[in-house]
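Colleague: Supplied in structure tokens, the structure appears directly below.
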Amino acid sequence: MFSLVPTCKGRHVSKFSPSLRLCCQLFSAATNTLQFSSDGFADENKNDDIDLLFQSCTNVHHAKQLHAFLVVSGKVQNIFLSARLVNRYAYLGDVSFSRITFDLIPRKDVYTWNSMVSAYVRSGRFREAIDCFSQFLLTSGLRPDFYTFPPVLKACQNLVDGKKIHCQILKLGFEWDVFVAASLVHLYSRFGFVGVARRLFDEMPIRDVGSWNAMISGFCQNGNAADALDVLIEMRSEGVKMDRVTATSLLTACAQSGDILSGMLIHLYVIKHGLDFDLLICNALINMYSKYVSLGHARRIFDQMDVRDLVSWNSIIAAYEQNDDPMTALGLFCSMQLLGIQPDFLTLVSLASILAQLSDSAKSSCGYVRKLGAIYSARTVFEGLPIKDVISWNTLITGYAQNGLASEAIEVYRMMQEYKEIIPNHGTWVSILPAYTHVGALQQGMKIHGRVIKNCLDLDVFVGTCLIDMYAKCGRLDDALLLFSQVPRKTAIPWNAVISSHGVHGHGEKALKLFKDMLDEGVKPDHVTFVSLLSACSHSGLVDEGQSYFHMMQEQYRIKPSLKHYGCMVDLLGRAGHLNKAYNFIDNMPVRPDASVWGALLGACRIHGNVDLGRIASERLFEVDSENVGYYVLLSNIYANSGEWEGVER
DNA sequence: CTAGGGTTAG
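Read in the UniProt record's numbering, the first sequence has 390 at position 390, and its numbers run on one by one without any break.
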């Protein structure tokens, strides 16, 4: 008989959490009835008690406490218990501890190896899973069993590896095991060989609902919702009922192919069979309804769920974000925060896009949004990510950079460089260069220029334009022009950059000259060109020219002025002192002026000391953007300059 | 919870 060492119990258990303390009591109760042989093996008939113990560990900390307890009581010698620890750590998301535990097991059996392989697969570390499996074959001298192969097949990231494993399965004669066969069906369909998968499926001697699901999801993952639905009909004709997995994969396929009618029929089936509170089904429904039906439908599903996970939150946030409602999306993000749910990469992608959609004024008023940027210092999120490809990084960098969070963008880029397997590409340069430009980091920008040349991308229009912009904004207009002379300039993109950079440096005449060159070379200006041109005019006081370009844009190029263009015009008239003209111009605008338009007028009123119009402008401004403190400061400046001290106080 | 089939994105 094996008994717990009482002192261990007293000393260590007292430091445990209440739930784990309860566990240990259960464990000691269990050991009274458990038979341990002298080498520490448990009686296999009592596995249920041990399961209970392991299942009570709901986080890694608990598992480590239990682990320590098992070590001090000598039970870690038991390879069965150790393998359970391997599994438990993997389940709780800490594979590295699985590995440590695994390495310390002296005599490993098939169960031990299977546990380690599936631990890697569970956490998405497929490469390591395959390596572990090879090690198993080469070093253990043991024969794999039925349990070994399904995870290994899942870990195969290409068909060549998959076929090798398939051969081993054939040699061992495991191919008609229901689980193994389903995994093979899934493997072939994942890589597009739906025909091979179908043949395997048809030859299967026994098929359960899991086999059907493997076949159906095979079609779904190839974007073939119609064939998947045909298999569904076949399945039902054989009397096999759709389960939650079938429903989830079909709903996803329907959402992808836009077959909403079928999707809604499946939804009906789901309701009829009481599956309408299933987490994964609801997540799939949110996705489908938000894409094709309405936000309201998606929201109703979300609201009625009793359990929501990160995917649910990400889905509903993305739903609002992609339906042009960034404020609601941001609100949901905050609620998620308050519930203590940790965001992941997909949350960040949505957040970046939300920030991009919020108007500039909304953003500047939210010191709060900036704070979010800091909190979501991407580091924490990225640490837990299994897959980090270059596009993920680019997305994040762009998200920050386009929202004026340049230093965060630079921080993310810096982190990215720590991962040597990530090779920056074209998209990386296009996202990081504007960030350096924004903070005026010429040295860093030039470093990138060097790397760009090495990658032969300096003559790319997009990268080249970012470089032109960088040099120009950092005050190196000559270098900018030199680069400009080298990039292809059949499109408006590089032209816009040089025109705007001359404009902001007050070289209005040169900007107009460049615009003439552009027209002479037969390049068609776009709406951005005119924004650059109009602002160049206003910086240099070229009122008449600006007005004539504003007309040219509409009459000759049929470009409808945007709020940006209107803002430039107000700025142009206002700076030049034509304040009433500017005010009338706003009055006659066919669209509702936003904060930037009123802001331009207010700025002009400050320059020219016009208190009356300044007051009107600021009143309008507070109507459209009540939260921006910047305007209050501007207004109080106007009062102060004109000596109206009560106004300043107000 | 030593095994298969399932959800969010650029």
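Even for Gly, the Cβ is constructed at its ideal location relative to N, Cα and C.
1. In or out: residue 259 buried (at least 16 other Cβ within 10 Å) or exposed?
2. For residue 657, name the three-state secondary structure that DSSP assigns.
3. Name the residue from 518, 74 and 444 whose alpha carbon lies nearest to the alpha carbon of residue 489.
4. Helix, strand or coil for residue 151, going by three-state DSSP, please let me know.
5. Report the rounded CA-to-CA distance for residue 87 versus residue 75, giving the unit in angstroms.
6. Around the C-beta of residue 566, are 16 or more other C-beta atoms found within 10 angstroms, so that it is buried, or is it exposed?
7. Between 423, 419 and 452, which lies nearest to residue 433 when the distance is taken from Cα to Cα?
8. Quick check on residue 188: buried or exposed, where buried means 16 or more other Cβ atoms within 10 Å of its Cβ?
9. Need the endpoints of the alpha helix (DSSP H) that residue 601 sits in, please.
10. Between residue 431 and residue 401, how many whole angstroms is the CB-CB distance? I'm expecting something under 8 Å.
11. With distance defined between alpha-carbon atoms, name the residue in 163, 203, 194 and 309 nearest to residue 177.
12. Thinking C-alpha only, which one of 222, 58 and 53 is nearest residue 70?
13. Quick check on the DSSP output: the alpha helix (DSSP H) that includes residue 622 runs from which residue to which?
14. Rounded C-beta distance between residue 247 and residue 281? I'm assuming under 8 Å.
15. Buried or exposed: where does residue 289 fall if 16 or more other Cβ atoms within 10 Å of its Cβ makes it buried?
16. Taking Cβ to Cβ, would you say residue 298 is nearer than 8 Å to residue 284?
17. Apart from the five residues on each side of it in sequence, which residues of its chain come closer than 8 Å, Cβ to Cβ, to residue 512?
18. With 16 other CB atoms within 10 Å as the buried threshold, where does residue 469 fall?
19. When we look at the beta-carbon of residue 448 and count the other beta-carbons within 10 Å, is it buried (16 or more) or exposed?
20. Going by alpha carbons, who is nearest to residue 348 out of 313, 476 and 129?
21. Taking all protein chains shown into account, do 16 or more other C-beta atoms lie within 10 angstroms of the C-beta of residue 485, making it buried, or fewer, making it exposed?
22. Indicate whether residue 505 and residue 467 have their beta-carbon atoms separated by less than 8 Å.
23. When we look at the beta-carbon of residue 73 and count the other beta-carbons within 10 Å, is it buried (16 or more) or exposed?
24. Let me make sure I understand the geometry here. Which of 249, 240 and 539 has the alpha-carbon closest to that of residue 225?
25. Return the chain-ordered list of same chain residues with a C-beta closer than 8 Å to the C-beta of residue 231, the five sequence neighbours on each side being excluded.
26. Which same chain residues end up closer than 7 Å to residue 375 when comparing Cβ atoms and leaving out the 5 residues on each side of it in sequence?
27. What does the Cβ neighbour count give for residue 501, buried or exposed, with the cut at 16 atoms within 10 Å?
28. Would you kindly report the start and end of the unbroken alpha helix (DSSP H) that includes residue 557?
29. Quick one: grab the DSSP three-state call for residue 212.
30. Which ranges does the alpha helix (DSSP H) cover as unbroken runs of at least 4 residues, wholly within the region 259 to 295, from first to last along the chain?
31. Let me check understanding here. Comparing Cα to Cα, which of 353, 310, 98 and 454 lies closest to residue 82?
32. Measure the alpha-carbon distance for residue 352 versus residue 311 and round it to whole angstroms.
33. Nearest to residue 409 by CA position, among 394, 596 and 101, is which residue?
34. Let's see if you can read the secondary structure: which residues bound the alpha helix (DSSP H) around residue 568?
35. Would you report the Cα separation of residue 139 and residue 126, rounded to the nearest angstrom?
Modeller: In short:
1. buried
2. Only positions 1 to 650 of the chain appear in this structure, which leaves residue 657 out of reach.
3. 518
4. helix
5. 17 Å
6. buried
7. 452
8. buried
9. 595 to 608
10. 5 Å
11. 203
12. 53
13. 611 to 624
14. 5 Å
15. buried
16. no
17. 533, 536, 537, 542 and 545
18. buried
19. buried
20. 313
21. exposed
22. no
23. buried
24. 249
25. 212, 215, 216 and 219
26. Interpretation of residue 375 is limited by its pLDDT of 46, a score under 50 that renders its predicted location unreliable; the figure taken from the coordinates is listed afterwards. No residues qualify anywhere along the chain.
27. buried
28. Looking at the DSSP string, residue 557 is not in any alpha helix (DSSP H), and its letter there is neither H nor E.
29. helix
30. 260 to 272 and 279 to 292
31. 98
32. 17 Å
33. 394
34. 563 to 575
35. 20 Å
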